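Taking it in order: structure first as structure tokens, then the write-up.
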DNA sequence: GCAAATTTGTTCGTATGTATT
DNA sequence: CAATACATACGAACAAATTTG
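Protein chains in written order, with our numbering: chain H, 955 to 1212; chain Y, 955 to 1212.
Given below as structure tokens:
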């Protein structure tokens, strides 16, 4: 009878109500019991329809409360090729704040957590060290306008610390000037190039909780390997961005401003 | 009783069987009826578990046949900053073939479909023309080793054709030399820079069918706006890549080869 | 080529648990 | 504590797609 399954028809109908502005952001949808009557369908069917909408990020269900139209988050755009000339990259700790404030939005970053451990395989390969070699790990969560925006973890060779040249890497405090500048001043290691490797995948449980995204949502994961003036990897930074609120720009040549 | 819901436990158990190699790619999972007995759960609960695995891209269900472990697709990596010096970009028609063949894989591209129509708002803005202005649209589907890999649509101002300078844009045939070179030869318009705008979103129905990805999968959508030597937009190219088989690299400075 | 068997897809009804108000 | 709303789980029936005999 139905060309399309009923749950899909219900989902489409609810979606058109959202798109048309009939249902506005933050507004509560009818409860499952009410929708059951409206569409003359079972509760399970209604729930299947709502599941479709949640995986599209259009609605959000809260146990004990109801289902609500999500307010569209104004996406933040990170320029990955920022300041190519100076060697400082887009989305870094040092440039993150200014990129956000340029947009008249309010950045906030969590306390930095520092850890020392054996290099995970993916990191060891990129840093050109062995898997048994130790690395310093600096982790930080970032917010924009109080909304969780990204999780970043940087890995440095432990040798930077054991050589006593860059001891501050192990201190769990924001290095005001940025680690890139700090390493240049302390060790004479200058970041002259980097390579970003961009993937998208489903979020793990931790990321689902922190960002508040559904299990079938999607995150960007960007591995940045930075090299010094000798072409030696000096740092690997892994940043996870929920796809519903992050976009990226890559400039090649000198395109005119937007 | 259950810290974790039962469908999640079942999903986790099946996942560990896949990760451990107990279930190998292309192998059929036990049928829903068999799993129902194995885990002493109802068929619906088993189905919920399988749904989790499909949205992770670990398994694929085929009506009338069964559920199968997906063979992991070897991802293709597109360098977005290819040949920055010459102004030719990564992932373009002209460079797509060579990038793929460098990888010892076999590229294939569908016939090009050409259309003329009013500029969609997103395109008109980027091309710096009005929404009522006409554009030429060149669409192509791309495969690697016979697997659908990307869908690309390029938009050019209709003026390029009406001025009689670049009539071949309207011909539904591959422009061997690449449109970038063609426009340079025919019109003296040289592509000197471009800007890529990278997003990720859920696939539409057409994309689900073409790429064979689930409704809650994820695709990259990259808008490339290319500019000529005067800083005027000459082209907008929109490419859609399924996230399960595509990754991207951005080079800033001159990082050493991989 | 067709009918039967198998397997997943959709839909219903019902019951109970958990979170919030 | 009670009422409300979503989450999980069971069982059942029929439909649709595919394979098998």
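Every residue gets a Cβ at the ideal spot worked out from N, C-alpha and C, and that includes glycine.
These numbers were taken from a predicted model, which means no experiment stands behind them.
Residue i versus chain H: which residues are under 7 Å apart at the beta carbon?
i, result
"residue 1106 of chain Y", "Within chain H, no residue comes near residue 1106 of chain Y; the closest Cβ sits about 17 Å away, beyond 7 Å."
"residue 1208 of chain Y", "1147"
"residue 1181 of chain Y", "1209, 1210"
"residue 1043 of chain Y", "1206"
Hey, quick one: how far does the beta strand (DSSP E) through residue i stretch, first residue to last?
i, result
"residue 1168 of chain Y", "No beta strand (DSSP E) holds residue 1168 of chain Y; DSSP gives it neither H nor E."
"residue 1067 of chain Y", "1067-1072"
"residue 1203 of chain H", "1200-1206"
Do you know whose CA, among the options, lies nearest residue i's CA?
i, options, result
"residue 1047 of chain Y", "Y/1093, Y/1007, Y/1024, Y/995", "Y/1093"
"residue 977 of chain Y", "Y/1025, Y/1016, Y/1142", "Y/1025"
"residue 1069 of chain H", "H/1080, H/1123, H/1113, H/1081", "H/1123"
"residue 993 of chain Y", "Y/1126, Y/961, Y/1018, Y/970", "Y/961"
"residue 1154 of chain Y", "Y/1146, Y/1171, Y/1162", "Y/1171"
"residue 1208 of chain Y", "H/1152, H/1145, H/1209", "H/1145"
"residue 1031 of chain Y", "Y/1067, Y/1049, Y/1017, Y/1023", "Y/1049"
"residue 1143 of chain Y", "Y/1099, Y/1188, Y/1174, Y/1160", "Y/1188"
"residue 1095 of chain H", "H/1082, H/986, H/1128", "H/1128"
"residue 1139 of chain Y", "Y/1186, Y/1114, Y/1054", "Y/1114"
"residue 968 of chain Y", "Y/1018, Y/1023, Y/1055, Y/1057", "Y/1023"
"residue 1007 of chain Y", "Y/1021, Y/1119, Y/1017, Y/1065", "Y/1021"
"residue 1015 of chain H", "H/1210, H/1206, H/1168, H/958", "H/1168"
"residue 1028 of chain H", "H/1082, H/991, H/1101, H/963", "H/1101"
"residue 1009 of chain H", "Y/1210, Y/1156, Y/1211", "Y/1156"
"residue 1175 of chain Y", "H/1058, H/1152, H/1091, H/1163", "H/1152"
"residue 1035 of chain H", "H/1210, H/1212, H/1211, H/1205", "H/1205"
Name, please, each residue of chain Y whose Cβ falls closer than 9 Å to the Cβ of residue i.
i, result
"residue 1201 of chain H", "1151, 1152, 1153, 1154"
"residue 1185 of chain H", "1208, 1209, 1210"
If the cut is a Cβ gap below 7 Å, which residues of chain Y does residue i touch?
i, result
"residue 1035 of chain H", "1204, 1206"
"residue 1114 of chain H", "The contacting residues do not exist; residue 1114 of chain H stays about 19 Å from chain Y at best."
"residue 1170 of chain H", "1009, 1170"
Check the Cβ of residue i against every Cβ in chain Y and list those closer than 8 Å, keeping chain order.
i, result
"residue 1010 of chain H", "1156"
"residue 1122 of chain H", "Those within 8 Å of residue 1122 of chain H in chain Y number zero; the least Cβ separation is about 25 Å."
"residue 973 of chain H", "Near residue 973 of chain H there are no residues of chain Y at all, since even the closest Cβ is about 14 Å away, more than 8 Å."
"residue 1078 of chain H", "Correct list: empty, because the minimum Cβ distance to chain Y is about 15 Å."
"residue 1197 of chain H", "1153, 1154, 1155, 1172"
Could you tell me which residues DSSP puts in a beta bridge with residue i?
i, result
"residue 1182 of chain H", "H/1145"
"residue 965 of chain H", "Bridge partners of residue 965 of chain H: none, in fact."
"residue 1091 of chain H", "H/1069, H/1109"
"residue 1036 of chain Y", "Per DSSP, none; premise fails for residue 1036 of chain Y."
"residue 1102 of chain Y", "Y/1097"
"residue 1061 of chain H", "H/1098"
"residue 1197 of chain H", "DSSP output for residue 1197 of chain H lists no bridge partner at all."
"residue 1155 of chain Y", "Y/1173"
"residue 976 of chain H", "None; residue 976 of chain H has no bridge partner."
"residue 1187 of chain H", "H/1181"
"residue 1031 of chain H", "H/1201"
"residue 1122 of chain H", "Answer is none; residue 1122 of chain H lacks a bridge partner."
"residue 1150 of chain H", "H/1178, Y/1204"
I'd like the span of the alpha helix (DSSP H) that includes residue i, first residue to last.
i, result
"residue 988 of chain H", "986-992"
"residue 1003 of chain Y", "997-1009"
"residue 1024 of chain Y", "Here residue 1024 of chain Y belongs to no alpha helix (DSSP H), and DSSP marks it neither H nor E."
"residue 1079 of chain Y", "1075-1081"
"residue 1013 of chain H", "Segment 1013-1016 is the beta strand (DSSP E) holding residue 1013 of chain H; no alpha helix (DSSP H) there."
"residue 1117 of chain H", "Here residue 1117 of chain H belongs to no alpha helix (DSSP H), and DSSP marks it neither H nor E."
"residue 1085 of chain Y", "Segment: none, residue 1085 of chain Y is in no alpha helix (DSSP H) and carries neither H nor E."
"residue 1053 of chain Y", "1047-1056"
Considering only heavy atoms of the ligand GDP, does any lie closer than 6 Å to the CB of residue i?
i, result
"residue 1098 of chain H", "No copy of the ligand GDP occurs in the structure displayed, which carries no ligand at all."
- Task: Could you tell me whether the segment 1128-1145 of chain Y touches the segment 1180-1195 of chain Y, where touching means 3 or more Cβ pairs closer than 8 Å?
- Result: yes
- Inspect the CB distances between the segment 1096-1110 of chain Y and the segment 1191-1202 of chain Y and report whether three or more fall short of 8 Å. yes
- Message: Any contact between the segment 1195-1211 of chain H and the segment 965-982 of chain Y? By contact I mean 3 or more CB pairs, one from each, below 8 Å.
- Response: no
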